[in-house]
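Peer 1: In the working numbering, the protein residues as written are 384 to 1092.
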């Protein structure tokens, strides 16, 4: 069987490549034998050069959006749905313009989406966590910009971690998707979206137009607020500036209309040296400002109003309750220097805020992960040969049990799913990704990870091998959690590795961070592949061809992610901010990982006493809130404070949570007023808004770094 195919050319081939007449919801109920008989599309065009090219180009730019948003918010957003809409819309436009002769079939689009997802999502998780955290650890008073790793090491690390994740997913696919029929909600949603796009072309075009218009408008924002195109003289020197400021101080009037007793403590905290001429602070000194960007507003639409509202609450708790005593709390450290728990209001988020918010996020993530103990048990059982198939057979109706034991299928279907005369039977082993690919892939990717870890990060080979072995086990847990709940616990699994290597190599913060990156990145890549394979399964795609499409995206993603990271983060000042500018990318994910690594290296005793108290309080709060989310009945859960929201609100400058809340509020209002309209267009609008500002934002940063400065 040739894996690379020719696209449909004749009217008969185009007709044969149309979507199944069986809806994805029905395909989801098929057992494995029935899927091969009625849903599998055999040699229908799928893995074509044009599909891979389209997916690679899309994935290249979607990688930019994920690094951009991830460094701002800590979230790494799935790109499946965006890639579905964009692939369909772009190819339809090319066909209308006469630049493409035949339509892209639904299975070709599935492969293009897999390639785009492999490039835009499966390759970059460590770029918003471990790598910027490592850069932050190199910051000193003498080198405020820190010290970057060389780009070849970064590129190799990205490539091999993504490859490891894709390979690790191979033995899970048949058990989790074919036999146990786990939902993988994002993959299911992508299949339903594609089926809808190909059956309702007019509606698809409208959604695509909404996406493109929003992207065009949001793309103007970084040109206005980030491009250093203006020149002005400051102190006798010519400096560059933007057309619009990044934020505006629109809330400074609020204390003037409130009783002084309400704001006096907050605005007059800290030593006199922080108050030139005895002037009180303004709310803008605490970064209580309005951001002029729109990408975070659109990201807030996707995240939702509950989490973003609690992000605002977390930010206000930090500014109003925690920061004032932190400014007052002076302490003499081990070198005899008097320091506060926070040095100034504008830096409190990365000082006392980190030691409060990060423990909330870590504790809640681990508690929620532990609460999935049944999932963990099933994942371990799935590693036992034959156990998953036995469980699936036991759960099946009696008349289906014989089918589940069959390895071959005696008859097949027509290309669109209707029953047809008997044909030569299909050998399952010729369709599924073979075990030999897993063995050779693990040898290649595993060796690459261990060697790069040893050469670049000084992680001993035996501990690198242990990290790869642990990653295989933990990735199984992550993929099952994704299949059951659509939540990939990459962050909590990374924390488990940090805890493990904090004991094995307590003095190496590099090992602590990068072994965690192995697990978190590979888990995210594995779960992403299974989501895409679930989408293909519901549409009748060949899993072997889809695997190749996903793997091919790794190359494009590695190039895009490496390029984007070094453009956006030329040095650490964009992560920490300066006295004159707030951080362009506060990287809350990296701040969390950095905090955990520092605790293991230096111990709690070397932290400011208030920071020690903040850690304990944060761990307690995160645990309690996570337990409440688990215990409280689902109908009332929306009223429980979100530990994710509160924790993130404390590790970001306040204007970021505020912008996201505005988006979350818009999404909630739109859904409340017209749910049908919201389901059709809100995600398309949000995806376009994020993509427009992110892609143009990367270009603007490149111009700033390499042309204008």
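The C-beta atom is built at its ideal place from N, Cα and C for all residues, glycine as well. Keep in mind that this is a model prediction, so the values were computed, not measured.
Considering only C-alpha positions, which residue in the set 920, 933, 1073, 612 is nearest to residue 422?
Peer 2: 920
Peer 1: Grab me the residues of residue 1097's own chain with a C-beta within less than 6 Å of its C-beta, minus the 5 sequence neighbours each way, in chain order.
Peer 2: No statement about residue 1097 is possible, as the shown extent of the chain runs from 384 to 1092 and does not include it.
Peer 1: Look up residue 398 in the DSSP assignment and say whether it is helix, strand or coil.
Peer 2: Three-state result, residue 398: helix.
Peer 1: Ignore the nearest five residues each way along the sequence and tell me which others in residue 727's own chain have a CB closer than 7 Å to its CB.
Peer 2: Cβ-Cβ distances below 7 Å link residue 727 to 657 in the same chain, with the five nearest sequence neighbours on each side left out; the list follows chain order.
Peer 1: Can you give me the start and stop residues for the alpha helix (DSSP H) that residue 510 sits inside?
Peer 2: Segment: none, residue 510 is in no alpha helix (DSSP H) and carries neither H nor E.
Peer 1: Determine the DSSP secondary structure at residue 500, reduced to helix, strand or coil.
Peer 2: helix
Peer 1: Just how far apart, CA to CA, sit residue 681 and residue 725?
Peer 2: 31 Å
Peer 1: Which partner residues of residue 613 appear in the DSSP bridge assignment?
Peer 2: 624
Peer 1: When we look at the beta-carbon of residue 791 and count the other beta-carbons within 10 Å, is it buried (16 or more) or exposed?
Peer 2: Unreliable positioning characterises residue 791 in this predicted model, as indicated by a pLDDT of 44, which lies under 50. A coordinate reading is not provided.
Peer 1: Does the distance from the CB of residue 541 to the CB of residue 454 come in under 8 Å?
Peer 2: no
Peer 1: Does the beta carbon of residue 1016 sit closer than 8 Å to a beta carbon anywhere in chain C?
Peer 2: The structure shown has no chain C; it contains just one protein chain.
Peer 1: Strictly by DSSP, which residues pair up with residue 987?
Peer 2: Partner(s): none; residue 987 has no beta bridge.
Peer 1: Ordered along the chain, which non-local residues of its own chain (more than five positions away) have a Cβ less than 8 Å from that of residue 730?
Peer 2: 960
Peer 1: Within 10 Å of its beta-carbon, does residue 435 have 16 or more other beta-carbons around it, so buried, or fewer, so exposed?
Peer 2: With 16 or more other CB atoms across the displayed protein chains lying within 10 angstroms of its CB, residue 435 is buried.
Peer 1: Kindly provide the ranges of any beta strand (DSSP E) runs that are 3 or more residues long and lie completely inside the stretch 693-733, ordered along the chain.
Peer 2: 713-715, 721-723
Peer 1: Should residue 857 be counted as a contact of the ligand NAD given a C-beta to heavy atom distance under 7 Å?
Peer 2: As presented, the structure is devoid of all ligands, the ligand NAD included, so that no description of it is given.
Peer 1: What are the boundary residues of the alpha helix (DSSP H) that includes residue 632?
Peer 2: Following the DSSP letters along the chain, one finds residue 632 in no alpha helix (DSSP H), marked with neither H nor E.
Peer 1: Starting from residue 534, trace the alpha helix (DSSP H) in both directions and tell me its first and last residue.
Peer 2: 534-551 is the extent of the alpha helix (DSSP H) around residue 534.
Peer 1: List the endpoints of the continuous alpha helix (DSSP H) containing residue 478.
Peer 2: 463-479
Peer 1: I'd like to check one pair, residue 430 with residue 387: are the Cβ atoms closer than 8 Å?
Peer 2: yes
Peer 1: Grab me the residues of residue 575's own chain with a C-beta within less than 7 Å of its C-beta, minus the 5 sequence neighbours each way, in chain order.
Peer 2: Result list for residue 575: 407, in chain order.
Peer 1: Can you check which of these residues, 872, 462, 634, is closest to residue 750 by C-alpha distance?
Peer 2: 872
Peer 1: I believe residue 835 touches residue 539 by the beta-carbon criterion, under 8 Å. Please report the beta-carbon distance rounded to the nearest angstrom.
Peer 2: 5 Å
Peer 1: With which residues is residue 673 paired in a DSSP beta bridge?
Peer 2: As a beta-bridge residue in DSSP terms, residue 673 pairs with 631.
Peer 1: Is the beta carbon of residue 824 sitting closer than 8 Å to the one on residue 501?
Peer 2: no
Peer 1: My parser needs the alpha helix (DSSP H) runs of 4 or more residues fully inside the stretch 1057-1086; what are they?
Peer 2: 1058-1086
Peer 1: Can you tell me which of the three DSSP states residue 485 falls into?
Peer 2: coil
Peer 1: If contacts are defined as beta-carbon pairs under 8 Å, then residue 513 and residue 946 qualify, I think. What distance do you get, rounded to the angstrom?
Peer 2: Not a contact, Cβ separation roughly 18 Å.
Peer 1: Which same chain residues end up closer than 7 Å to residue 1064 when comparing Cβ atoms and leaving out the 5 residues on each side of it in sequence?
Peer 2: 590, 593
Peer 1: Between which two residues does the alpha helix (DSSP H) holding residue 843 run?
Peer 2: That residue, residue 843, is in no alpha helix (DSSP H); it is neither H nor E in DSSP.
Peer 1: Please name the residue or residues paired with residue 388 in a DSSP beta bridge.
Peer 2: 431
Peer 1: Let me know if residue 486 comes out buried or exposed under the rule of 16 or more other beta-carbons within 10 Å of its beta-carbon.
Peer 2: buried
Peer 1: Helix, strand or coil for residue 1034 per DSSP?
Peer 2: coil
Peer 1: Looking at C-alpha atoms only, which residue of 525, 820, 1081, 974 is the closest neighbour of residue 515?
Peer 2: 974
Peer 1: From 569, 491, 711, 432, pick the residue whose C-alpha is nearest to that of residue 868; which is it?
Peer 2: 569
Peer 1: Tell me where the alpha helix (DSSP H) around residue 331 begins and ends.
Peer 2: Nothing can be reported for residue 331, as the shown portion of the chain is limited to 384 through 1092.
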